[in-house]
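Read in our numbering, the sequence shown has 271 at position 233, and its numbers run on one by one without any break.
Backbone N, C-alpha and C define an ideal beta-carbon position, used for all residues, glycine too.
Quantities reported herein were computed from a predicted structural model and do not represent experimental measurements.
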Amino acid sequence: MPLLEKSQKTVLSMKGTGVRFRMKRATATRKGQVNLSPLIITLSVFKEDQIMKVNALFCSAVLAFICPSLSTQGQEPSLSVETVALSGQQIPGASSGVGFSSFVFSLPSLNESGQVAFNIAPNRENSSIIGGLFRSEPSGELTTVIFAEDQVPGVDAGLTLGDISAPTLNNAGQTSFSGQVLGLTDGLEFDDFFITLSEGSGNGLDRLLSVGMTFQGGTIASRGRSAFNDAGQSAAFVNFDLFGGSPSDVAILLGRPGSLGLVVQTGDQAPNSSATFAELTSPVLSNSGQVAFTAELDGTGVSAANNEAVYRGGAGTLAPVAREGDPAPGAGSGVVFGDFAFGTVGLNNADQVAFRADLRGTGVDDTNDSAIFSEGSGALTLVARTGEQAADLASGVVFSIFRNPTINHSGQTTFLAFLSGSGVNTDNDCAIFSGDSITLDLIARSGDLVPGADSAVFDRLTAPGTNALGQVAFTAFLDGPNVSSLNGNTRGIYATNLDGQLNKVARSGDTIEVNGELRTIRSLSFQPGTGNEDGEASGFNDEGQLVFSAAFTDDSSGIFIADTNPPTFMLGDVNLDGAIDFLDIAPFITLLTTSAFQFEADVNGDGTVSFLDISPFISLLTQQ
Numbered sequence: 039m040p041l042l043e044k045s046q047k048t049v050l051s052m053k054g055t056g057v058r059f060r061m062k063r064a065t066a067t068r069k070g071q072v073n074l075s076p077l078i079i080t081l082s083v084f085k086e087d088q089i090m091k092v093n094a095l096f097c098s099a100v101l102a103f104i105c106p107s108l109s110t111q112g113q114e115p116s117l118s119v120e121t122v123a124l125s126g127q128q129i130p131g132a133s134s135g136v137g138f139s140s141f142v143f144s145l146p147s148l149n150e151s152g153q154v155a156f157n158i159a160p161n162r163e164n165s166s167i168i169g170g171l172f173r174s175e176p177s178g179e180l181t182t183v184i185f186a187e188d189q190v191p192g193v194d195a196g197l198t199l200g201d202i203s204a205p206t207l208n209n210a211g212q213t214s215f216s217g218q219v220l221g222l223t224d225g226l227e228f229d230d231f232f233i234t235l236s237e238g239s240g241n242g243l244d245r246l247l248s249v250g251m252t253f254q255g256g257t258i259a260s261r262g263r264s265a266f267n268d269a270g271q272s273a274a275f276v277n278f279d280l281f282g283g284s285p286s287d288v289a290i291l292l293g294r295p296g297s298l299g300l301v302v303q304t305g306d307q308a309p310n311s312s313a314t315f316a317e318l319t320s321p322v323l324s325n326s327g328q329v330a331f332t333a334e335l336d337g338t339g340v341s342a343a344n345n346e347a348v349y350r351g352g353a354g355t356l357a358p359v360a361r362e363g364d365p366a367p368g369a370g371s372g373v374v375f376g377d378f379a380f381g382t383v384g385l386n387n388a389d390q391v392a393f394r395a396d397l398r399g400t401g402v403d404d405t406n407d408s409a410i411f412s413e414g415s416g417a418l419t420l421v422a423r424t425g426e427q428a429a430d431l432a433s434g435v436v437f438s439i440f441r442n443p444t445i446n447h448s449g450q451t452t453f454l455a456f457l458s459g460s461g462v463n464t465d466n467d468c469a470i471f472s473g474d475s476i477t478l479d480l481i482a483r484s485g486d487l488v489p490g491a492d493s494a495v496f497d498r499l500t501a502p503g504t505n506a507l508g509q510v511a512f513t514a515f516l517d518g519p520n521v522s523s524l525n526g527n528t529r530g531i532y533a534t535n536l537d538g539q540l541n542k543v544a545r546s547g548d549t550i551e552v553n554g555e556l557r558t559i560r561s562l563s564f565q566p567g568t569g570n571e572d573g574e575a576s577g578f579n580d581e582g583q584l585v586f587s588a589a590f591t592d593d594s595s596g597i598f599i600a601d602t603n604p605p606t607f608m609l610g611d612v613n614l615d616g617a618i619d620f621l622d623i624a625p626f627i628t629l630l631t632t633s634a635f636q637f638e639a640d641v642n643g644d645g646t647v648s649f650l651d652i653s654p655f656i657s658l659l660t661q662q
């Protein structure tokens, strides 16, 4: 396609099509506006000896090009998502005409196949509002796993299911969740008693554990969070009234419904030590059946200087990863582990851990006494330390506080950190980082401009999630001159793509096309997770798909999947050179005159290349 420039005139022509587009270069004043005075357009369209009349739509599109007030220039495009479920939609298995009520408080989970599991709370003041647990199948069809008010599997008749927690969905399409037990048994009201149900046995939904359940001579008094892996195993934290005749009251169990086994209980001897376990935290779980957790120790040789540790393993194979008082790798001679962040340890399916720990020893003070450690490189390594220069930020900006990290299958560690130092204030003191001990990348920082907005900035960042591709996703609260609760645009979900570029996934105030109509997002929720690496619920998978719930200004709501790695073609880049410019005009017109199809030219997304694409195509040109 020849391009000739003479006296500021550009001539575009294509042999065989008889299309010629001639224009004098326009002068751009600012993005989205064109100075009309020097613009001269001469358009002649011919094919062989036949003169073709220009369609009126093409003329209107040209007018839109030279007159921004007639175009959609400057507007953000509507978000393209896949709808999983909508309020008002018929509930599978319910009476005809009974639809989903609201997804406002739903935190859906997502697996590698793109299946979604989500809970709906019942409304006991309105029997027509049905609660339950629901799942989309690989075909996209919705199914009901269990309704609220249904008989609870594995317990006495007459006990029914009440409120249901957000579920975990594994890559085998199985769900695990907890729910309230309603009803009477032996004169005891179970209204405040909970049960954990799982499909991990392969025989449908069954009881994993419940309050009042006996286990090896003990009675479960309460239960904490459970992790659930792709093999259908669950790792559960429980408290006992009495366990095996010992004074121990806390344990970690591992297994499937009907075949739970003990991993560790308080009072057990800690491996590689004369100490015993005094306190345990809720475990995370890999696909190989390894659990990881932090613990407090007691007994012989134990003092305040060495009474905490991180453990990994299974029943009979537990081993310490790090213990308070041990040398901290990479932190310098004489520096040892201090207290461990008593909470969740990061774990991936390679059975590598990541965690946050305090430091003590030579040269340690309150400016450098905390660090992130990870086994992502193979051995336990220091990834980041307070007081050190923060990656990708101006000299003098240092790490100040860390939040608990996650680790993906590639060994990359992701965490939220607070900053201090040169130029740092309350408007820009929070950031998300991801990487390893060699390369750590800044993902987002408070105070930075938000992708997809002209003036909004990140205000507060939440704990991030990650997947095996190294992508990072998180929810953020926003600020800026045009950001307010009144404008309904204060919160967004953001994710990096495969190139590491941070993009907007969805934001309150955005519009989504739902069933052929645009709806404006009022609020939205997203559960980040680690792509099901640690047995925890995840809304972000290793395909780069992200599931979120959204409520709209018309009081409807729904659950949606967004693709954070959309197809690589770029609408408007018809000649495939990576840019949308005047070089795309001639091939675009060729497609118009031949009725051929090309994704890049189908700018309005209706599946054809026609005159309906002209106006949005020229709008794209004017944005460049």
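### Query
Counting Cβ pairs closer than 8 Å, one from the region 418-433 and one from the region 365-373, do we hit at least three?
yes
### Task
Would you decide whether Asn386 is buried or exposed? Buried here means 16 or more other CB atoms lie within 10 Å of its CB.
buried
### Query
Ala395 and Ala409 look like a contact to me (Cβ under 8 Å); what is the Cβ gap, rounded to whole Å?
6 Å
### Task
Please report the Cβ distance between Gln303 and Thr314, rounded to the nearest whole angstrom; I am assuming they are in contact, meaning their Cβ atoms lie under 8 Å.
In fact, because the Cβ distance is near 10 Å, the residues do not count as touching under 8 Å.
#### Entry: Counterpart residues of Gly549 in DSSP-defined beta bridges
First, the amino acid is wrong: residue 549 is Thr here, not Gly. As computed with DSSP, Thr549 is found in a beta bridge with Thr558.
### Cutoff 8 Å; reference Ser522; Cβ partners in own chain excluding five residues on either side
Thr528
#### Entry: First through last residue of the beta strand (DSSP E) which encompasses Ile167
Careful: Ile167 lies outside any beta strand (DSSP E) and carries neither H nor E.
### Query
Thr518 and Val488: beta carbons closer than 9 Å?
A small correction: the amino acid at residue 518 is Gly; Thr does not occupy that position in the sequence shown. It is a contact, given that the beta carbons lie within the stated cut-off.
#### Entry: Val100 to Leu124 span [Cα, whole Å]
Its pLDDT being 43, under 50, Val100 is placed unreliably in this model, and the coordinates cannot settle the point.
### Query
Taking just the CA atoms, how far does Gly530 sit from Val219?
35 Å
### Message
With H, G and I counted as helix, E and B as strand and the rest as coil, what does DSSP make of Ser30?
### Response
Because the chain here runs from 39 to 662, residue 30 falls outside it and cannot be looked at.
### Query
Which residue's Cα is closest to the Cα of Val154: Leu291, Asn208 and Asp611?
The shortest CA-to-CA distance from Val154 to any of Leu291, Asn208 and Asp611 is the one to Asn208.
### Task
Grab me the residues of Asn344's own chain with a C-beta within less than 6 Å of its C-beta, minus the 5 sequence neighbours each way, in chain order.
Counting only Cβ-Cβ distances below 6 Å, and skipping sequence neighbours, we find Glu362 and Gly363.
### Message
At the level of alpha carbons, what is the spacing between Gly299 and Leu291?
### Response
6 Å
#### Entry: Cβ-based neighbour list, Phe141, same chain, cut-off 8 Å, excluding 5 preceding and 5 following
Ala123, Ser125, Phe156, Ile158, Ser587, Ala588, Ala589, Ser595, Gly596 and Ile597
### Task
Closer than 8 Å by C-beta to Ala417: which residues in its own chain qualify, once you throw out the five before and the five after it? Chain order, please.
Pro367
### Task
Let me know the secondary structure DSSP gives Ala366 once reduced to three states.
coil
### Query
How many whole angstroms separate the CB atoms of Thr213 and Glu237, which I take to be in contact at a CB cut-off of 8 Å?
5 Å
### Message
Helix, strand or coil for Ile158? Go by DSSP, reduced to three states.
### Response
Residue state, collapsed to three classes: strand.
### Query
Is Val421 helix, strand or coil when you go by DSSP?
strand
### Query
Going straight from the alpha carbon of Asp465 to that of Leu478, what length do you get?
23 Å
### Local conformation of Thr534 per DSSP, three classes
strand
### Message
Just list the residues that DSSP pairs Gly399 with in beta bridges.
### Response
Val373
### Message
Mapping the DSSP letters down to three states, classify Phe564 as helix, strand or coil.
### Response
Look at Phe564 here: in three-state DSSP terms it is coil, with no helix or strand label.
#### Entry: Alpha-carbon spacing of Asp492 relative to Asp640, whole angstroms
27 Å
### Task
Counting only the same chain and skipping the five closest in sequence on each side, list residues whose C-beta sits under 7 Å from that of Ala94.
Caution is warranted here: a pLDDT of 39 is assigned to Ala94, below 50, making its placement in the model unreliable, and the coordinate value is therefore given only provisionally. Nothing listed; no residue qualifies.
#### Entry: Local conformation of Ile476 per DSSP, three classes
In the structure shown, Ile476 sits in coil (DSSP, three-state: anything other than H, G, I, E or B).
### Query
Using the C-alpha atoms, what's the distance from Pro176 back to Ser151?
Ser151 and Pro176: Cα-Cα distance of roughly 7 Å.
### Message
So for Thr632, helix, strand or coil by DSSP?
### Response
helix
### Buried or exposed by the 16-neighbour rule on C-beta atoms within 10 Å, applied to Arg498
exposed
### Query
Comparing alpha-carbon positions, which option in Ser484, Gly459, Gly582 and Gly192 lies nearest Leu712?
Shown here, the chain extends from 39 to 662; a query on residue 712 therefore has no answer.
### Task
Quick one: which unbroken beta strand (DSSP E) runs of 3-plus residues sit fully inside the region 441-486? Chain order, please.
451-459, 468-473 and 478-483
### Query
Just reading off the beta strand (DSSP E) that Pro654 is part of, what are its end residues?
First-last for Pro654: Ile652 to Gln661, but that is the alpha helix (DSSP H), not the beta strand (DSSP E).
#### Entry: Phe515 - DSSP class collapsed to helix/strand/coil
strand
### Message
Residues in the same chain with beta-carbon distance under 6 Å from Ala330, minus the five sequence neighbours each way, listed in chain order, please.
### Response
Close CB contacts of Ala330 within its chain, under the 6 Å cut and outside five residues either way in sequence, are with Val322, Arg350, Val383, Leu385 and Val391 (chain order).
### Query
Would you call Ile258 buried or exposed, if buried means 16 or more other Cβ atoms sit within 10 Å of its Cβ?
So Ile258 counts as buried.
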